[in-house]
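J.: To start, I am sharing the structure in question, which I have written as structure tokens.
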Amino acid sequence: MYLDERSNLLLQEVIGNPEISHASLEEKYQLSRRQVGYSFKKVNDWLSENNYPTIKRTKSGKFIVNPILIELFAEKVDISTRNYILSERERSQFILLMILSSDEQLSLYHFTSALNVSKNTVLRDIKYAQNIVHKYDLEIVYSRLNGYDLSGNEWNVRKLMIDILHSIFIIHHDEGYIHHLTDLSKYEIANCKQRLEEVENRLALKFSDERIKILPYVIAILLKRISKGKWITDSYHIDYEELSDTKEFEATEILIQNVERIPKVERLFITLQLLTANTLEANFLTKNELSHFIDALRASLDLFEKIACVYLLDKESLLKRLILHMKPAYYRIKYHLTTEYSMLEKVLDEFKPIHYIVKDSIKPLEEYIGTKIPENEMRFISIIIGSHLINHSERIQKKKKAVVVCPNGISISNLMESSLKELFPELYFYRVMSIREFEKKNLDIDIVFSPVPLQTDKQLFLVDRFIADFDKFQLRQRVIKELFNLNSPIINVNEIIHIVEKYSKIEEKQQLIGALENYFSVQETTNLEKKQNYHLSDLITPERIVFRDTITSWEEAIKAASEPLLHGGCITEHYIQKMIQQYPAISPHIVLRMNIAIPHASPEDGVNKIGMSLLKINDGILLDDRQRVHVIVVIAAVDKNEHFQALMQLMKLAESSKDIEKIIQMEEKDEVHRLINYYSH
């Protein structure tokens with residue numbers, strides 16, 4: 001019997017989070033009650049067939065998971081991949097991986113035999129795979145002499161190969177599955193991994209767990225293709241001087257020592273694989289290049305502060321995190337080797353306002369690299385800055401000690417750590433660690449958080465890399481219960497049902513129980529110290545809008561724009577003086593899209609509560625010889641991120657010169673507020 005993709009996903013979820021309810025699974029994965037029930041019937045049939053304990057369900061929709069199952073997962077026995085049935089997308093990816101790594105000519109027979117599916121299924125899968133490769137300007141071709149192969153630029157073939165490996169490893173942790181479907185032997189991979197560890201020692205760095213797992217396969221396939229004469233042509237302009245001057249270039253001799261003949265361009269490509277791999281610690285560039293790079297990063301952070309109206313605490317520590325992340329990202333961006341990270345979409349909503357501001361503040365870095373930064377790489381930068389903005393200051397008292405163990409790179413690891421610190425202020429967190437580092441150390445800790453199973457005698461909690469609000473309450477409840485033997489106050493749904501049954505007839509009792517559990521779970525989650533995110537229309541009310549025909553000076557403009565906030569008790573007179581002192585003249589750095597000026601000072605300079613006020617000047621105030629600014633918004637921020645959503649909406653308004661012109665022509669404050677309200681939702 002086979003376990004399909006959906007059933008496997010739900011099994012993994014319940015093993016990692018036994019407290020989750022049937023109704024919660026329905027909502028989280030957008031499935032019907034019947035679909036979830038059908039999947040768990042398949043899961044239990046499969047568990048029984050493999051002599052594992054089945055998963056039980058209570059009347060209230062909770063799951064009972066036998067500890068033996070949890071132990072099996074913790075021991076890294078990837079039981080769910082045994083007899084796992086591949087989806088069409090997964091089969092297509094494996095077909096492509098077979099083509100990329102094979103030592104022999106491949107026919108339909110090879111695919112049907114390896115995948116254990118019919119000829120017609122394979123033909124459909126090849127058609128699906130054809131759609132994948134078209135995105136890389138490649139073509140799957142077939143001839144009786146050479147079998148199935150890929151036609152197109154070898155650089156694009158390599159990019160396809162790296163992306164497919166990354167995608168496969170997200171789902172298939174059991175490497176035996178990959179060995180079974182490709183011509184890559186365990187010896188080849190073990191040999192490549194050993195050499196990569198020698199590279200780590202030579203370069204005094206550590207690749208992330210995720211990269212040390214994928215890189216041996218990348219290197220093994222590269223060496224196969226090079227040995228068969230499938231080389232990169234000189235048409236793709238690799239900067240020889242830049243890459244050959246790196247320690248990574250020298251270290252490639254460890255990886256290619258048994259290759260008889262290797263073109264220089266191929267050695268440079270292998271160098272790129274080392275340079276673009278996520279690391280946990282590393283040296284970066286030459287001393288001179290590093291200095292210019294840090295200047296560009298610092299300029300971007302300064303610009304972020306000006307646009308976001310925040311002052312970044314401990315900026316040097318943030319700078320170090322960005323440098324560590326940008327070492328591989330620099331080469332990924334420059335040589336267009338960015339991988340699609342679908343998991344990043346989960347985090348975009350949480351950091352959307354920050355991401356919006358990052359896009360505007362990253363220009364100094366783009367100028368240094370010499371190209372636009374792709375959206376996915378931009379998201380990583382947003383994650384690092386966003387996680388830094390989450391309160392990260394901790395004092396170790398008599399707290400339980402925890403550690404986050406994550407196989408991913410620095411940005412995702414730090415986001416996990418920041419989210420968990422915010423969720424568990426009663427815990428002291430050691431710095432985030434890789435799996436390899438964690439397994440070598442004997443830490444004095446009470447609890448381990450990780451997105452993957454680990455072998456440890458400490459209390460282990462499996463958590464998503466990106467913890468959704470929906471899951472936070474249940475996670476907190478489980479941890480507090482296990483660590484302190486306490487139960488969070490829980491509303492007893494069965495008691496509510498009992499009361500309702502006294503006075504009315506319930507037709508769909510189980511559905512009502514599930515709906516109530518889901519509702520109260522969401523209510524509790526909402527109460528987890530969740531700060532309010534203000535919309536622009538919440539902060540700029542009609543009472544906080546000021547009209548003036550003319551203004552004689554920039555100082556007068558700041559004072560006039562600040563009046564509503566001063567009278568409303570949001571700011572003090574000292575705050576106004578600080579803005580005047582900080583911005584003695586209007587500066588392009590505080591003018592959004594050359595349309596809206598946003599003077600501000602630090603919260604400690606006299607902010608009592610969050611607020612924004614708007615001044616419209618009919619004649620405008622001169623920004624430069626040609627440009628006049630007609631709208632000034634004073635921002636009073638008390639928190640690092642409460643005002644971000646409103647600021648993002650203000651930036652969108654500033655992008656529309658047409659609507660700014662409308663504001664200039666408006667004569668009623670309510671009209672202005674209606675337009676602001678349009679941008680607030």
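Per full-length UniProt numbering, the sequence shown starts with residue 1, numbered consecutively.
Glycine residues also receive a C-beta, built at the ideal position from the N, C-alpha and C atoms.
Going by DSSP, what residues sit across from residue 400 in a beta bridge?
T.: Taking the first residue of the sequence shown as 1, we reach residue 400 at position 400. Looking at the DSSP assignment, residue 400 forms a beta bridge with 427.
J.: Check for me: the beta strand (DSSP E) holding residue 147 runs from which residue to which?
T.: Sequence index remark: in the sequence shown, residue 147 carries index 147 (1-based). Taken as a continuous stretch (DSSP letters only), the beta strand (DSSP E) holding residue 147 covers 147–151.
J.: What did DSSP end up calling residue 587 once you bin it into helix, strand or coil?
T.: Numbered from 1 along the sequence shown, position 587 holds the residue referred to as residue 587. The answer is coil: DSSP assigns residue 587 none of H, G, I, E or B.
J.: Taking residue 149 as the reference, give the member of 104, 239 and 164 with the closest Cα.
T.: Taking the first residue of the sequence shown as 1, we reach residue 149 at position 149. It is 104.
J.: Could you give the residue range of the beta strand (DSSP E) that holds residue 628?
T.: Residue mapping note: residue 628 aligns to position 628 of the sequence shown, counting from 1. Residue 628 -> beta strand (DSSP E) spans 628–636.
J.: What is the rounded straight-line gap between the Cα of residue 313 and the Cα of residue 273?
T.: Position 313 of the sequence shown, counted from the start, is the residue given in the question as residue 313. Position 273 of the sequence shown, counted from the start, is the residue given in the question as residue 273. In a straight line, the C-alpha of residue 313 is about 34 Å away from that of residue 273.
J.: Tell me which residue opens and which closes the beta strand (DSSP E) that residue 594 is part of.
T.: Counting from one through the sequence shown, the residue named residue 594 turns up at place 594. From DSSP, residue 594 is part of no beta strand (DSSP E); its letter is neither H nor E.
J.: On the DSSP bridge assignment, give the partners of residue 28 in chain order.
T.: The residue labelled residue 28 in the question sits at position 28 within the sequence shown. Per DSSP, none; premise fails for residue 28.
J.: Decide if the region 55–71 is in contact with the region 15–28; the criterion is three or more beta carbon pairs, one per stretch, under 8 Å apart.
T.: Segments in contact, yes.
J.: Confirm, please, whether the CB-CB distance from residue 610 to residue 675 is below 8 Å.
T.: Within the sequence shown, the letter at position 675 stands for residue 675. Within the sequence shown, the letter at position 610 stands for residue 610. No, the Cβ-Cβ distance between residue 675 and residue 610 is not below 8 Å.
J.: With contact counted as at least three CB pairs below 8 Å, one residue from each stretch, are the region 436–448 and the region 408–423 in contact?
T.: With contact defined as three or more Cβ pairs closer than 8 Å, the region 436–448 and the region 408–423 are not in contact.
J.: Which of the three DSSP states is assigned to residue 13 in this structure?
T.: The count along the sequence shown starts at 1 and reaches residue 13 at position 13. Correct three-state label for residue 13: helix.
J.: Beta carbon of residue 332, beta carbon of residue 377: below 8 Å?
T.: Mapped onto the sequence shown, residue 332 falls at position 332. Mapped onto the sequence shown, residue 377 falls at position 377. Their beta carbons are under 8 Å apart, which means residue 332 touches residue 377 by this criterion.
J.: Can you tell me whether residue 584 is buried or exposed, with buried defined as 16 or more other CB within 10 angstroms of its CB?
T.: For the purposes of this step, residue 584 is identified with residue 584 of the sequence shown, where counting begins at 1. Classification of residue 584: exposed, given that the 10 Å Cβ count is below 16.
J.: Distance, Cα to Cα, residue 116 vs residue 126?
T.: Here residue 116 is taken as the residue at index 116 of the sequence shown, counted from 1. Here residue 126 is taken as the residue at index 126 of the sequence shown, counted from 1. Between residue 116 and residue 126, the C-alpha separation is close to 15 Å.
J.: Quick one: complete alpha helix (DSSP H) runs, 4+ long, within the UniProt domain "PRD" (288–395)?
T.: 315–334, 344–348, 352–361, 363–369 and 375–389
J.: So, helix, strand or coil for residue 438, using DSSP?
T.: The residue given as residue 438 occupies position 438 in the sequence shown. Helix, per DSSP.
J.: What is the C-beta distance between residue 92 and residue 128, in whole angstroms, given that I count them as a contact (C-beta under 8 Å)?
T.: Walking along the sequence shown from the start, residue 92 turns up at place 92. Walking along the sequence shown from the start, residue 128 turns up at place 128. Sure, about 4 Å apart at Cβ, within 8 Å.
J.: Leaving out five residues on either side along the sequence, give the residues of the same chain with a beta carbon under 6 Å from the beta carbon of residue 533.
T.: One-based indexing of the sequence shown puts residue 533 at position 533. Closer than 6 Å at Cβ, skipping near neighbours: 645.
J.: I need the boundaries of the beta strand (DSSP E) containing residue 678, first residue and last residue.
T.: Numbered from 1 along the sequence shown, position 678 holds the residue referred to as residue 678. Careful: residue 678 lies outside any beta strand (DSSP E), inside the alpha helix (DSSP H) at 669–678.
J.: Specify the secondary structure class of residue 415 as computed by DSSP and reduced to three states.
T.: As a working mapping, residue 415 is identified with position 415 in the sequence shown. If DSSP states are grouped into helix, strand and coil, residue 415 belongs with the helices.
J.: Identify which residue in 471, 9, 327 and 139 has its Cα closest to the Cα of residue 35.
T.: Position 35 of the sequence shown, counted from the start, is the residue given in the question as residue 35. If we check each option's Cα against that of residue 35, 9 comes out closest.
J.: Does DSSP put residue 619 in a helix, a strand or coil?
T.: Within the sequence shown, residue 619 is the residue found at index 619, counting from 1. It is a strand residue.
J.: Closest to residue 512 by C-alpha separation, out of 42, 59 and 330, would be which residue?
T.: Along the sequence shown, read from residue 1 onward, the residue named residue 512 stands at position 512. Cα-wise, what sits closest to residue 512 is 59.
J.: Between 101, 122 and 542, which has its C-alpha nearest residue 90's C-alpha?
T.: Position 90 of the sequence shown holds residue 90. Answer by Cα proximity: 122.
J.: Nearest to residue 253 by alpha carbon, out of 270, 37 and 352?
T.: What you label residue 253 is simply residue 253 of the sequence shown in a count that begins at 1. The residue with the shortest Cα to Cα distance from residue 253 is 270.
J.: Note down the Cα distance separating residue 543 from residue 7, rounded to an integer number of angstroms.
T.: The residue you call residue 543 lines up with position 543 of the sequence shown. The residue you call residue 7 lines up with position 7 of the sequence shown. Cα to Cα, the separation comes out at about 56 Å.
J.: What residues in its chain sit with their C-beta under 8 Å from that of residue 57, if we drop five residues either side in the sequence?
T.: Reading the sequence shown from its first residue, position 57 is the one you call residue 57. Apart from the 5 residues on each side of it in sequence, residue 57 sits with its Cβ closer than 8 Å to the Cβ of 22, 40, 63 and 64 in its chain, given in chain order.
J.: Should residue 579 and residue 603 be called a contact, given that it needs their Cβ atoms to be closer than 8 Å?
T.: In the sequence shown, counting from the first residue as 1, residue 579 sits at position 579. In the sequence shown, counting from the first residue as 1, residue 603 sits at position 603. Not closer than 8 Å, so no.
J.: Assign residue 62 to one of three DSSP states: helix, strand, or coil.
T.: Position 62 of the sequence shown, counted from the first residue, corresponds to residue 62. Strand.
J.: Can you name the start and end residues of the alpha helix (DSSP H) that residue 642 belongs to?
T.: The count along the sequence shown starts at 1 and reaches residue 642 at position 642. Run containing residue 642: none; DSSP gives neither H nor E here.
J.: What whole-angstrom Cβ distance do residue 663 and residue 672 have, given they're in contact under 8 Å?
T.: Position 663 of the sequence shown, counted from the start, is the residue given in the question as residue 663. Position 672 of the sequence shown, counted from the start, is the residue given in the question as residue 672. 6 Å between Cβ atoms; contact.
J.: Can you look up residue 651 in the DSSP assignment and give me helix, strand or coil?
T.: Indexing the sequence shown from 1 puts residue 651 at position 651. The answer is helix: DSSP assigns residue 651 an H, G or I state.
J.: Pull up the distance between the alpha-carbon of residue 228 and that of residue 98, whole angstroms please.
T.: In the sequence shown, counting from the first residue as 1, residue 228 sits at position 228. In the sequence shown, counting from the first residue as 1, residue 98 sits at position 98. Answer to the nearest angstrom: the Cα atoms are 15 Å apart.
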